[in-house]
Each structure stands twice: as structure tokens, then as C-alpha cells.
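Protein chains in written order, with my numbering: chain A, -6 to 104; chain B, 203 to 316.
Some notes on the structure that comes next.
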Amino acid sequence: AQSVTQLDSHVSVSEGTPVLLRCNYSSSYSPSLFWYVQHPNKGLQLLLKYTSAATLVKGINGFEAEFKKSETSFHLTKPSAHMSDAAEYFCVVSGTDKLIFGTGTRLQVFP
Amino acid sequence: NAGVTQTPKFQVLKTGQSMTLQCAQDMNHEYMSWYRQDPGMGLRLIHYSVGAGITDQGEVPNGYNVSRSTTEDFPLRLLSAAPSQTSVYFCASSLVNTDTGELFFGEGSRLTVL
Chain A
-6 AQSVTQLDSH
4 VSVSEGTPVL
14 LRCNYSSSYS
24 PSLFWYVQHP
34 NKGLQLLLKY
44 TSAATLVKGI
54 NGFEAEFKKS
64 ETSFHLTKPS
74 AHMSDAAEYF
84 CVVSGTDKLI
94 FGTGTRLQVF
104 P
Chain B
203 NAGVTQTPKF
213 QVLKTGQSMT
223 LQCAQDMNHE
233 YMSWYRQDPG
243 MGLRLIHYSV
253 GAGITDQGEV
263 PNGYNVSRST
273 TEDFPLRLLS
283 AAPSQTSVYF
293 CASSLVNTDT
303 GELFFGEGSR
313 LTVL
């Protein structure tokens, strides 16, 4: 069965410093992996996706993630945080006809 | 550009009442789904549909009913509301299956059951 574990429920950074949101996955086959973002009182929006092409995936708003099969990880990074990045982020793995969501990481950005 | 539209945005019910959350998409997507979001639990799949006339259960289907008579609409019915169904509900759709496709989400329906 497929699953994802987001290792931090909350992450706080200062504006202009790097962001790292950690995600480990479990899958019985080569998975598709996604990061979604949810701003307050909004629906979710796709940030980036990995579907067995390049292992380093670039997304919107300067975010990127690297698929590491040996570590079963798909961590999300951004070199320099912006105040508008404050949101909840979900790591997601594909299952059969469904997406399986992690429990989310809330990112706070301080000025 | 409407995308995925959910109604109502807010609803308060009493225990035992029934109601329907509406979901409509105008992107001609075959795949539609309903999730509930609860604090600390991420999103959990309730029901999904891979096309008109086809529905299937997700992770937490009990107490909910769905139908898919058209490509555009995918209503979620609460048969007899319980306080445990207090949650934020999201409808999402995708052009193809979820393996490589992007899910498009509505803005959510916040339900409180007293």
C-alpha cells in the first residue's frame, strides 16, 4: 500500500531564509509524487509533481523537490522564503484511482 | 473560468438531518472525488468517480452517498448527519486518472453538525 509521512507538522522560518519541508513515502511500485499547497480558507493547488522523469522537479513560486529512491524521500525546498509562502503544504502519493495525502506541514514565515 | 464549484460554503445541521453538498466542474473532467479535511489528519478520500455512472468508495465512505449521473456533477449526500461529520469537505476533479493528472479543488464546504 502507498503512504506518505510528513516529518514536521510545523516549520517556522524567517523571510529570506531557506525552506525545507520533509516527506518520506512508501510504495510497492514506482510512485507519482506531488506537493500541494493550501492557503488559508482556500482549496488546494498543485505546486509540483514527479512522474518518473527527472528526479529534480521544479514547481511554481520557486519551489522544487528532489525524488530520492534510495532514501524514499521527496523533500520540498525553496532557497528564500517569502511572506506569501505561509500556508499548509501536503505531500501526496498516487494510489490506484486515488491520491493519498500526508497530514500536512504548516509553514510560518516571520518578517 | 469557474473550475470546480462547491455549494454551500457553510452549513450548520442538527444531528439526524440530511443534506447534499453540491459539486460541479466545467472542465469536462472524467475523474471527480470528495475529500474531508480534519485537523492533523490531512485529506481523506470519501468517494470518487472515474466517469458518469461509475462511483467507488474511498477511505472513509460510511455515512455518505454519491451518484454521478452527468460528467459535470458529483453531489455528496449525508444521510443522517452525526457530530463526527463536522469537517471541511473538498470536491476535486481531474482530466484523467490521478496517477499523473493534476487534481483541481473547489474552495471547500465547511459543515458543522450539532
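Every residue, glycine too, gets a C-beta built ideally from N, C-alpha and C.
In this structure, the CA atom of A:Phe56 is about 31 Å from the CA atom of B:His249. Between A:Leu14 and chain B, the shortest Cβ-Cβ separation is not below 8 Å. Beta-bridge pairing by DSSP links B:His249 to B:Trp236, B:Gln259.
In this structure, B:Gln239 keeps its C-beta atom at 8 Å or more from the C-beta atom of B:Phe276.
Cα atoms of B:Leu215 and B:Leu278: separation of roughly 15 Å, rounded to the nearest angstrom. Annotated three-state conformation of B:Asp275 is strand, per DSSP. Contact check for A:Thr89 against A:Pro11 fails: the beta carbons are separated by 8 Å or more. Short of 7 Å from the beta carbon of A:Leu39, and not among the five residues preceding or following it, lie these beta carbons of its own chain, in chain order: Phe27, Tyr29.
Relative to the Cα of B:Ser269, the nearest Cα in the group B:Met234, B:Leu297, B:Pro210 belongs to B:Met234.
A:Gly55 does not reach chain B, its nearest Cβ partner there being about 19 Å away, counting only Cβ pairs nearer than 9 Å. In this structure, the alpha-carbon of A:Tyr22 lies about 20 Å from that of B:Glu261.
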